[in-house]
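So the structure is just underneath, and the comments pick up after that.
4 protein chains.
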Amino acid sequence: MALKTGEQYKESLRKMRPNVYKWDRLIEDITTDPVTRGHVASVAHSYDMSFDEKDAYIYTAKSHLTGEIAHRWNTLPQTAEDQMHNARMKRHQYRHSGTCKGATCAGWTGMTVLWAVTQEMDKEYGTNYHERLKNYFKYVEDNALALAGAITDAKGDRSLKPSQQKNKDSHVHIKEVREDGIVIRGYKTQICGIVGANEIIVVPGGGYGESEKDFCLAVAVPRDVEGLTCVITRKPSDTREEEEGWDAPKVGTITQAYLIFDDVFVPNERVFMAGEYKYSGKIIGYFAAIYRAAIGACVAGQGDVMIGAAINMARANGLSQKVFQDKLTQMAINNEINYGTGLGAMLAGKQHESGLYIPDALLAHVNKTQVAKLPYETKVITQDISGGIAETGCIPSYKDFQSELYGEHLYKALEAATDGESRTRAARLAEWLTVGAGIPGCMHGGGSPDGAKMVVKALTKWEDYAADAKRIAGITGEIVEPKKK
Amino acid sequence: MALKTGEQYKESLRKMRPNVYKWDRLIEDITTDPVTRGHVASVAHSYDMSFDEKDAYIYTAKSHLTGEIAHRWNTLPQTAEDQMHNARMKRHQYRHSGTCKGATCAGWTGMTVLWAVTQEMDKEYGTNYHERLKNYFKYVEDNALALAGAITDAKGDRSLKPSQQKNKDSHVHIKEVREDGIVIRGYKTQICGIVGANEIIVVPGGGYGESEKDFCLAVAVPRDVEGLTCVITRKPSDTREEEEGWDAPKVGTITQAYLIFDDVFVPNERVFMAGEYKYSGKIIGYFAAIYRAAIGACVAGQGDVMIGAAINMARANGLSQKVFQDKLTQMAINNEINYGTGLGAMLAGKQHESGLYIPDALLAHVNKTQVAKLPYETKVITQDISGGIAETGCIPSYKDFQSELYGEHLYKALEAATDGESRTRAARLAEWLTVGAGIPGCMHGGGSPDGAKMVVKALTKWEDYAADAKRIAGITGEIVEPKKK
Amino acid sequence: MALKTGEQYKESLRKMRPNVYKWDRLIEDITTDPVTRGHVASVAHSYDMSFDEKDAYIYTAKSHLTGEIAHRWNTLPQTAEDQMHNARMKRHQYRHSGTCKGATCAGWTGMTVLWAVTQEMDKEYGTNYHERLKNYFKYVEDNALALAGAITDAKGDRSLKPSQQKNKDSHVHIKEVREDGIVIRGYKTQICGIVGANEIIVVPGGGYGESEKDFCLAVAVPRDVEGLTCVITRKPSDTREEEEGWDAPKVGTITQAYLIFDDVFVPNERVFMAGEYKYSGKIIGYFAAIYRAAIGACVAGQGDVMIGAAINMARANGLSQKVFQDKLTQMAINNEINYGTGLGAMLAGKQHESGLYIPDALLAHVNKTQVAKLPYETKVITQDISGGIAETGCIPSYKDFQSELYGEHLYKALEAATDGESRTRAARLAEWLTVGAGIPGCMHGGGSPDGAKMVVKALTKWEDYAADAKRIAGITGEIVEPKKK
Amino acid sequence: MALKTGEQYKESLRKMRPNVYKWDRLIEDITTDPVTRGHVASVAHSYDMSFDEKDAYIYTAKSHLTGEIAHRWNTLPQTAEDQMHNARMKRHQYRHSGTCKGATCAGWTGMTVLWAVTQEMDKEYGTNYHERLKNYFKYVEDNALALAGAITDAKGDRSLKPSQQKNKDSHVHIKEVREDGIVIRGYKTQICGIVGANEIIVVPGGGYGESEKDFCLAVAVPRDVEGLTCVITRKPSDTREEEEGWDAPKVGTITQAYLIFDDVFVPNERVFMAGEYKYSGKIIGYFAAIYRAAIGACVAGQGDVMIGAAINMARANGLSQKVFQDKLTQMAINNEINYGTGLGAMLAGKQHESGLYIPDALLAHVNKTQVAKLPYETKVITQDISGGIAETGCIPSYKDFQSELYGEHLYKALEAATDGESRTRAARLAEWLTVGAGIPGCMHGGGSPDGAKMVVKALTKWEDYAADAKRIAGITGEIVEPKKK
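Residue numbers (UniProt numbering), protein chains in the order written: chain H, 1 to 485; chain W, 1 to 485; chain C, 1 to 485; chain Z, 1 to 485.
Have a look at this one:
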């Protein structure tokens, strides 16, 4: 059973132990609770799309383990084209719900990265991580699972290493090594996709040295594993998604969570790194190259929806798209730069000997810097075109529209080239995308742009360029980096 | 009694008829209701500052009517320096509450513009509007009133004139002229400061021709006048301001409202324009020149708070301000451009023969284009420096922190170089300023940047520049604007 | 003989009829004249690199005609990887000389595009253009020729079609059809690489309709064909390249020319289109997709040299690269966006049935918009880091340094952390790259960004995005593009 | 005789000793030599404008010494309005010639700054510098002199102080103190306006401490003083201004020079600082506040000409201004921001007790950062609108147009909606303004933007903003700048 429908996927979630909270309230049925149903629905849609006549090729791929068709997020990308389809799927998903799904993304990428890194570790250390991972990979494919990826630790004081923190729980770590597994504890924060995931891939939040080896662990745990509590975070205007009415769009939502690992036991077959600090940086490096090459597709897909939202607002206001064509074209350009630079990273990449295709790191990190920049410009244009009622959602609430006293007046006041409700809904979408619950956190999500710039710095051949310039300038005298004085 | 304390001002609000709603609920006491108390508190602060030993000079000025010291928003700016103090006050106010106050701004400016335009109308038409306005101005000063300004109409289909709209109420208009006054009806929308205002100055939303003379009216009405209903709009994450806890800062808030004028009678002594369409454009022109020269101070003041928020977040994360100094300096530059260009408009302006000082329109509208641009850059930097928890406020709710089950874990997870609560509060402020209820709507608030660009186009001497360039290039042949082909 | 050395290539040029002019002076030996030697030298370098142990793989490829190794600019790119190597070669070339070579670029691309379009034409019209082109392609490969591409016409009044121009010569056109060939005349302007070319590929400057069929021609002519006169244009500070001394770098130069076709006869075997207007747009379309996907590599390569120039200047001034690291990283990011988006276009492209691989047009044109933008930012940073003497080359002339009276003083005045000559040379390079003869014309070269934006507009799925947004917003009412009123 | 005509001014220059060189050639008559005549002509124009019926008020002001009307550049600005007229004059001058004049700018500002600083020094040290300066000021006014200002030293290694340089001449310094005066030597570089100046005001290039007191000198010397040699620098395409024909516009030019002070004696009455290091920073501080508040007017004026150049090119190409209106409006906005922020600095400034009006330093330095930025954007737009022939001046030389062989063809090839010569001239102007001899060096001229940013950093109230943010966020815990770890 390599493919599940959306309904089968939901069923799998309903069987799990409730351990997700918001508002200090336990969410009993994650598939129907107002807080989480939107997120689950959007992941379910990707399951259903795997059977779509026209687009199934985007949502599925051939398994490298079984040769069968599986959900794309259960397979190993082996070529530049495979990675391009990862990007295509992300853009398609965003165009469906307008925002992030989470549970077909970072966990999957984490698992494929471990495919490569476990092979390297086994080679050096004679461990059997790769075999474990292969079995786990097979399990995931066979059960058509949705995976979340838990990378970001709570971190504590940024000027200190994990081992120097006042509270060791600031980073998830190995508390105890037992014969049959390990016990882990600590906090992973701002984790996307938990609500829609069957499983969580946990990897280190950074590349570490020997002193930090307790923090170098990679495991897979069921989302409902004993000892794990998940607390969903707030996001802008989150209550609207839980309210009745149209004050937020409801096709799909994004949720993020804080994970409290309170002495969670992980059996050996689910442990893929346990102290091999030398390879923690590899995990981060491969992960970032894949993830940041594809992430431009996410913001491009959301940008596509912003284009549509802006066109609708213009028309709802009685104005032609032509009035704003230059701005709309700029939005499209922004989207395509984010999308295209990622694709460029893929073309310039190469295949790891394990079979995993890894995009070019320099271009992938360059793309991240633009993912942290261009969508903001696109949002500003969305607000520019959409006008004042969209900019901050400056419209009375859905409840006020229901008022017997003045509701009719509000419908009339909002009416323009379309009816008052349609125009309000159009404005609410623009608001939601730019300052509402739809914003996915493109600046720091998946790592901060300053970190990406450091990688760009590390990978750029400064001295080669300086030498070229010297030669072209005809300089024969000495020009050197000054010593510290 | 030209000066009131904050408490006296609140008392004046409490005496008014309740006619303000949100959530289909009538707000009985506007000074204490969770929806409105923040807004009132921030206006009250400006009243109190009029007695401040150090800063009273910013919040007060000498009356041109009585020679006495009055609240600045009850006086006529007569010099570039006076207008600069308008800007200074705005920046100071934003630095106090982090956002807009509304009730010491557009209404005041509207009244001073009418001071000039009524004089011009009287000259041409022999009307006595200026005398009426003078009496009203005196009344405002004597009673130390807070004024909102209602300019923006609901507008309907933007490709049609007011008179062509399906629903005439799309714009506030004169429904009936009686001997003792006029009856007006229609919708003014997205009106700032209503909650904190004693009075509302209503002026036309555009400059109109003869066919639209019904829409050319200028009046002053008490906020609680019979026939007027005010509905407060939503804004991002608005419920947090009404909730208990720290998920939104609460020093001051901004509110905006839809005004439903349902046959409101205005007695003649409060009517300052009634059909003199030729002067409707003058009102808009003078208003925009004053307003858009000063508005840069608003966003500069909010930008100052963003600088502070970003510094606090950096430090809360354990990092020095120095790490981000280039970015912080860029934030300061953005603020000062918005502030400084407005001051430049003031220096380049001149005094109207009525005594009102009017900044240079070209520079004021140039400033508006930057007010719609630079604060967005400043917000992006705020998020860049502040990190992921601030970008989208990706932290569990206040309620979750109170959880007996896992609240302690959350405090620990958020702890870094400061305690968990302080870091959460610091992040919430950054969120509130950039994607939360603190965003004042700098793009379209006070008019859209595209409109400002049209004014820039109209006021720029294109042909003079083309002639200069021809002369410098030594061109003697003919180069002309092509005719339509 | 599929590969030539640089010297052999020069020899081939020396055998040609002199028909190139500058300063109203005929250039007798194009390989040694101060006006042209730099350009020829830089093309010769690419010939020599075809034998380079390390980098020959960049400068050569396997011929699709003979299976032999040929100069890359004599072969047909058949995969995304082939096109990526086109980009790599361009970046490599720029890093060698600091500027454009011209004669291994547009002519080559033109020939490969004709490979595809002639096949299409033959299919529809039963012509034998493809066979002719194949023979010509073979001739080029066998003789290892350098090709220039002539696309841009003089154009005349931009608001008129070619056939409507006062002077038909504004566009190159078919003057006469003879049995054995055609006679063409008119002006091609701003043509790059003529000086280094053996042959010129002439294609239409636009996609035309039936009324313009005289302008729809594609031919190959030797650069020294009878009836053709080439006039080299000025460029900023061009005289320095012709002067003695160091006031311009001299590794390689770019030249552009105006081509005067004064009744040039082209025999049938060199005619690949003659009136088939329907396919003129195809030529432009395929050409632009290939050219604009690769052009980012050109500006990236020049940007690499700017990075080097800036680092050298910083160090020459006594400052560490670290002082400017953020700015240098931004330069690298700009370069990689231009390079990477082009690669993305390649990955998203597909193979034409003729075998030619054509990148994705949308991404290629998006890249062009950034090629017209990011290098300017990179130049500004180069000037920012390099300081005042580089910004405008504000240093006395080479001649002044030779002055017996004050030459020694100048050396001393320029001395800093390196000797005066080295620092001057470093500054001259920065000047040359940013406001000197090294600037290649990235804005309009290869077509203007406004044209690229029109293609982006044409290829973006506006209505799909509007429909997505409507669905997500939950809009059921009608929102449509307004009709003209 | 407080006012001179342009001819009288030229006469005064002709009387001076020739000591200016270019191309290792002594310029005998600075008013007619092809290298310098353009610069002199543009300064002469400002003299003539002092008698202009319409605009004399811009070019003249009332003397604070005599109460008579004098050239503005011979008077002391005492109010914000006076400084605004400084800005107006600069913008007017740029609109006349398209570029910088130099000799009515920095020297004048230097003299007015010394007016203030000498008063302060006298107060502390009991010196009589102010009296000397007053006499010198009177002399300047009486003789209607043009002044250059020499500030920038050759500097040498930027990581070392002046006294640490290998060559002490890297900075102009006091070599010897005699009873009747001082002997100075060293290099001032990139000095603007020397060619058009009667006198040179020499001030320190930085604010120094006691160890550098030899470098703390302020003097006035005639341009032709014994021991001084001036070498004019190259600038982009400089030879064109010295050639016959239209390849460069010739209304006015800018020149810069290296000044070699080879033991120049300055009598005491022309010495205004000699070792009072404590006040060297004051000179720089006041100078920068005045200069950088006004410099925006320079780039605005040049930007005005760019607007005209772009409009002319569009029309010459057959296109309407309307096609490019958004871009043109953006150019205007850029100009006005540079102009307006400077005016804002003036309004926010205050009068020094000596009478000199000094703009606000923070806003002035903010403006400098934009002077180093916005004109580049304006240039890019100029090139964008103007098309390929303007971008790099890709047109054959004037000489080629005179060719009997093909000159006529070139005229025809360039013809569009205007004749070939006019279109060529229009393109040459756009080239000259953006990458030619007309570029004034707005990045580093008058000091580098990084220096301005350091001032912005120093003058911004970071801790105040952090405290505001803490208060608004409701933070009571401790958040502090981390200590070095």
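Cβ coordinates follow ideal geometry from the N, Cα and C atoms, glycine included.
For the candidate residues the options, whose alpha-carbon lies nearest to that of residue i?
{"i": "residue 226/W", "options": "445/W, 292/W, 320/W, 19/W", "result": "19/W"}
{"i": "residue 386/H", "options": "30/H, 230/H, 319/H", "result": "319/H"}
{"i": "residue 311/Z", "options": "247/Z, 367/Z, 245/Z, 426/Z", "result": "426/Z"}
{"i": "residue 388/Z", "options": "370/C, 380/C, 113/C, 448/C", "result": "448/C"}
{"i": "residue 379/H", "options": "431/H, 235/H, 208/H, 88/H", "result": "431/H"}
{"i": "residue 269/W", "options": "439/W, 215/W, 440/W, 221/W", "result": "221/W"}
{"i": "residue 172/C", "options": "223/Z, 197/Z, 340/Z, 413/Z", "result": "413/Z"}
If we cut at 8 Å on Cβ distances, does residue i have a partner in chain C?
{"i": "residue 415/Z", "result": "yes"}
{"i": "residue 465/H", "result": "yes"}
How would you label residue i, buried or exposed, when you count the other beta carbons within 10 angstroms and need 16 or more for buried?
{"i": "residue 129/Z", "result": "buried"}
{"i": "residue 53/H", "result": "exposed"}
{"i": "residue 135/W", "result": "exposed"}
{"i": "residue 204/Z", "result": "buried"}
For chain W, check one thing: does any of its Cβ atoms lie closer than 8 Å to the Cβ of residue i?
{"i": "residue 110/Z", "result": "no"}
{"i": "residue 384/Z", "result": "no"}
So what's residue i in DSSP terms, helix, strand or just coil?
{"i": "residue 25/Z", "result": "strand"}
{"i": "residue 256/H", "result": "strand"}
{"i": "residue 434/C", "result": "helix"}
{"i": "residue 51/Z", "result": "coil"}
{"i": "residue 405/H", "result": "coil"}
{"i": "residue 207/W", "result": "coil"}
Beta-carbon of residue i versus every beta-carbon of chain Z: anything under 8 Å?
{"i": "residue 318/W", "result": "yes"}
{"i": "residue 344/W", "result": "yes"}
From the beta carbon of residue i, is the nearest beta carbon of chain H less than 8 Å away?
{"i": "residue 315/C", "result": "yes"}
{"i": "residue 302/W", "result": "no"}
{"i": "residue 246/W", "result": "no"}
Skipping 5 residues on each side, what residues in its chain have a beta carbon closer than 6 Å to that of residue i?
{"i": "residue 75/W", "result": "61, 63"}
Suppose the cutoff is 7 Å on Cβ atoms and the five residues either side in sequence are ignored; what does the same chain contact list for residue i look like?
{"i": "residue 442/W", "result": "299, 371, 372, 375"}
{"i": "residue 27/C", "result": "18, 20, 21, 33, 35, 36"}
Cβ of residue i less than 8 Å from any chain D Cβ?
{"i": "residue 154/W", "result": "Reference to chain D is not applicable here, since the protein chains of this structure are H, W, C and Z."}
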